[in-house]
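Inspection log for the structure reproduced underneath, given as structure tokens.
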Amino acid sequence: MSDLDRSRAFFNDVKRLIIKVGTAVVTRADGRLALGRLGALCEQIKDLSSLGYEVIVVTSGAVGLGRQRLKYRRFVNSSFSDLQKPQVDLDGKACAAVGQNSLMALYDTMFSQLDVTSAQLLVTDRDFKNKDFRKQLDETVQSLLALRVIPIFNENDAVSTRKAPYEDSSGIFWDNDSLAALLALELKADLLVLLSDVEGLYSGPPSDPRSKLIHTYIKEIHQSEITFGDKSRVGRGGMTAKVKAAVNAAYAGIPVVITSGYAPENIIKVLQGERVGTLFHQDAHLWALDKEVGGREMAVAARESSRRLQALSSQDRNKILLDVADALEANEKLINIENESDVVAAQEAGLEKSLISRLALKPGKIKSLANTIRVLANMDDPIGCILKRNELADGLVLEKTSSPLGVLLIIFESRPDALVQIASLAIRSGNGLLLKGGKEAKRSNAILHKVITTAIPDTVGGKLIGLVTSIDEIPDLLKLDDVIDLVIPRGSSKLVSKIKSSTKIPVLGHADGICHVYVDKSANIEMAKRVVLDAKVDYPAACNAMETLLVHQDLVHSGGLNELIADLRTEGVTLFGGQRACKELNIPEAHTFHHEYNSMACTVEIVDDEHAAIDHIHQHGSAHTDCIVAEDHDVAEVFLRQVDSAAVFHNASTRFCDGARFGLGAEVGISTSRIHARGPVGVEGLLTTRWILRGCGQVVNADQGVIYTHKDITM
């Protein structure tokens, strides 16, 4: 059982939870209240209470809020000469007294707006030495929870005997983190959530790109590995204090999660078992033996294997591809069994037909994939090719050569055949690879990954291609910009957009496949019918299928439009229209022109001419693939030159936009980006360049050491 499965299991049993709100969550960087975050927190607590959870809050922030108000009060009461004098630090206990009143008033106001009642309970560590106090505290809290009142605890710093400035860690508790841990034990909570200004516990300072988020804290492993950064900008102890409190509570039997108080819905996500922080649990040390390989380790292993792959001869790299092709064919029966299980599960789950269509490996598909890999193996070796050679000076020669990008992270949905294409392209281009397929293709992806990596010799290592099995690992992988060089998402617009907004790693891909076919007035109608039908019907779920048909207005009167529409209807295509097409054809109006159906449906619109068609494509398209059907070559040339898409066709179906059909051997996807690679991305799109300089002892010497010639050398 994975850490994630375990966490989901015991979060299901949580009824009473304590939420500790840190000062950095309550206040902004300037010390003022973070009203938005506090409001969102109160809404989460209200939702939890409505769901039947018993919620207890321990809040910090009173001292910081009081200091802000007293600074202002001192300022308005000071003369000009007073302000010229050195300012004495404000008394912390006075700050606490003022801040407690203000903070509680704010909680009360926000909860009142949500029709929730809250109660304030101020305590000191000396109170807990009194057995009667502890008994009364339990009874009071029980009464409040029974009435659906939210108890809000805070250390009564105003009258605490602890030494200023809170450096005294003696006593039963020493800050609000340890108070929260103590209350979790006293009040028999099922879970303690410590909200911070970072996502959880990192292996080092969160600002250090080498630090990684620890999802499950294992004292025996992590205690000596972690390097803590600076303490909280406004609180007493920062992450050090939280970890100490979390360890104490966890080893006493209370599960603890440290997570971000900045992210909306994080507490609810924790209770749903999502990995949005760091979990502390008394049994965590027992989980270390079956700990899964982390994303960083997987990426580093893929890079090391890729370097060994690059060191092989071209012949040896080709043999790996041929062995992979043979292995696929030899295991075809086993692959199909696993794929059929995925398809049946998808059908039973009621998934969309277009997704199931992409999921199924149709008869002959494995053989087709194997042949595609053999085509790749027979292509010229792309690694180390000399693209340009210049003589800089006599005996000083500079070469620009092709080189692998490094480690690729490919995230794709549904199509298990994509795994085979991507893996073979990675081997051909010398790159390391991490793959994350859709959960609906879990069995298919697992068997394909096993077959392919088993065919890779030990001299390179099967870790060249890593398979990511959980979607929960993706957020961490997207942070690894120091070990992953390119992310290529293949799937829905929602998937691609989410990936692009979640990482600093360069992303190559397309968010939509809204492809157009424009039929000009000069078109051969029989040809137009063939092209339009193929573009829509050949494989409607593909990203290069036609989603919008644009027709010149003259074809309305000549009958060409009706012929096109009749053929589409005969094939079972559901039609939606723009304003002009709706009136002419009596079809439902499309909700938007910017829509990818991925099914037997499309949008139809009538336009004035090729210029109107181009404007429509630029306004509503996705810069993927667009086509003109026309016999007027001048019109066609205008369309080909002016449509700003990755692929633009004349008198040919949009379905030709494919790496294999382009002769690239295979593709990792189709890119609508304008940097690096555009259109179907094959081997060349997975390469970058290196500069190799060969000399014989030359030195710069302020550019006096050589006489530059800068001559091209014919290769």
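For the sequence shown, our numbering assigns the number 5 to the initial residue and increments by one for each residue that follows. We treat Cβ as the ideally placed atom computed from N, Cα and C, and that holds for glycine.
C-beta atoms of residue i and residue j nearer than 9 Å
{"i": "alanine 549", "j": "threonine 658", "result": "yes"}
{"i": "threonine 552", "j": "valine 521", "result": "yes"}
{"i": "isoleucine 610", "j": "glutamine 557", "result": "yes"}
{"i": "glutamate 159", "j": "aspartate 129", "result": "yes"}
{"i": "leucine 742", "j": "leucine 690", "result": "One cannot answer for residue 742 here, as it falls past the ends of the chain, which runs 5 to 719."}
{"i": "valine 487", "j": "alanine 303", "result": "yes"}
{"i": "isoleucine 696", "j": "leucine 402", "result": "yes"}
{"i": "alanine 397", "j": "threonine 713", "result": "yes"}
{"i": "isoleucine 339", "j": "leucine 452", "result": "yes"}
{"i": "arginine 20", "j": "leucine 183", "result": "no"}
{"i": "lysine 246", "j": "aspartate 181", "result": "yes"}
{"i": "glutamate 614", "j": "alanine 585", "result": "no"}
{"i": "isoleucine 258", "j": "isoleucine 23", "result": "no"}
{"i": "glycine 298", "j": "aspartate 480", "result": "yes"}
{"i": "asparagine 200", "j": "proline 155", "result": "According to the sequence shown, residue 200 is serine rather than asparagine. The answer is no: Cβ separation not under 9 Å."}
{"i": "threonine 97", "j": "serine 164", "result": "The identity of residue 97 in the sequence shown is lysine, whereas the question assumes threonine. Yes, the pair counts as a contact, with Cβ atoms nearer than the cut-off."}
{"i": "valine 62", "j": "leucine 187", "result": "yes"}
{"i": "leucine 42", "j": "tyrosine 111", "result": "yes"}
{"i": "serine 64", "j": "valine 127", "result": "no"}
{"i": "serine 562", "j": "valine 411", "result": "no"}
Residues that residue i bridges to, as DSSP identifies them
{"i": "alanine 397", "result": "Leu400 and Tyr712"}
{"i": "aspartate 630", "result": "His520 and Val652"}
{"i": "tyrosine 206", "result": "Leu217"}
{"i": "glutamine 124", "result": "Ile156"}
{"i": "alanine 605", "result": "Thr578"}
{"i": "histidine 556", "result": "Val611"}
{"i": "threonine 693", "result": "Ser406"}
{"i": "serine 264", "result": "Ser200"}
{"i": "leucine 313", "result": "DSSP, once it has assigned bridges, lists no residue as partnering leucine 313."}
{"i": "threonine 31", "result": "Leu37"}
{"i": "glutamate 413", "result": "The sequence as given places leucine at residue 413; glutamate does not occur at that position. Answer by DSSP bridge pairing, in chain order: Leu438 and Val491."}
{"i": "threonine 3", "result": "As shown, the chain starts at 5 and ends at 719. That puts residue 3 outside it, with no answer to give."}
{"i": "arginine 698", "result": "Val401"}
{"i": "valine 685", "result": "Gly673"}
{"i": "leucine 537", "result": "Bridge partners of leucine 537: none, in fact."}
{"i": "glycine 470", "result": "Leu438"}
{"i": "arginine 20", "result": "Glu58"}
8 Å Cβ shell around residue i - same chain, five flanking residues per side excluded
{"i": "aspartate 1", "result": "Given a span of 5 to 719 for the chain in the structure shown, any question on residue 1 remains unanswerable."}
{"i": "glutamate 567", "result": "Ile529 and Lys533"}
Close-in-space but distant-in-sequence residues of the same chain around residue i (CB under 7 Å, 5 per side omitted)
{"i": "arginine 152", "result": "Ser53"}
{"i": "threonine 457", "result": "Gly466 and Ile469"}
{"i": "arginine 300", "result": "Lys216, Leu484 and Val487"}
{"i": "leucine 409", "result": "Asn435, Asp489, Leu490, Leu690, Leu691 and Thr692"}
{"i": "glutamine 286", "result": "Ala254, Tyr255 and Gly257"}
{"i": "serine 496", "result": "Glu417"}
Beta-carbon contacts of residue i that lie in its chain and below 6 Å, excluding the five residues immediately before and after
{"i": "valine 685", "result": "Glu671, Val672, Gly673 and Ser675"}
{"i": "alanine 605", "result": "Thr578"}
{"i": "isoleucine 426", "result": "Ile414 and Val672"}
{"i": "glycine 281", "result": "Gly204, Val261, Ile262 and Thr263"}
{"i": "glycine 709", "result": "Val703"}
{"i": "lysine 715", "result": "Glu395"}
{"i": "alanine 545", "result": "Ser358, Ser361, Arg362 and Asn602"}
{"i": "leucine 326", "result": "Ala381"}
{"i": "cysteine 631", "result": "Val521, Phe653 and Thr658"}
Beta carbon proximity, residue i to chain D, threshold 9 Å
{"i": "serine 372", "result": "As a matter of chain content, chain D is missing from the structure shown, which is built from one protein chain."}
Quick check for students: name the residue ranges of the alpha helix (DSSP H) that lie wholly in the region 420-468, counting only runs of 4 or more.
420-433 and 446-458
Check whether the region 387-405 and the region 367-374 touch, using three or more Cβ-Cβ pairs below 8 Å as the test.
no
Is the number of C-beta pairs between the region 438-456 and the region 311-326 that are closer than 8 Å three or more?
no
Should the region 39-50 be regarded as contacting the region 112-126, the criterion being three or more beta carbon pairs within less than 8 Å?
Because the criterion of three Cβ pairs below 8 Å is met, the region 39-50 and the region 112-126 touch.
Would you list, in sequence order, the uninterrupted beta strand (DSSP E) runs of no fewer than 3 residues that lie entirely inside the region 42-115?
58-63
Okay, do the region 635-646 and the region 346-365 touch, 3+ Cβ pairs below 8 Å being the bar?
no
Inside the region 319-373 only - alpha helix (DSSP H) runs reaching at least 4 residues:
336-352 and 357-363
Mind listing, in chain order, the continuous beta strand (DSSP E) runs of no fewer than 3 residues lying wholly within the region 480-513?
490-494
Decide if the region 100-109 is in contact with the region 68-76; the criterion is three or more beta carbon pairs, one per stretch, under 8 Å apart.
Of all C-beta pairs linking the region 100-109 to the region 68-76, three or more are shorter than 8 Å, placing the two stretches in contact.
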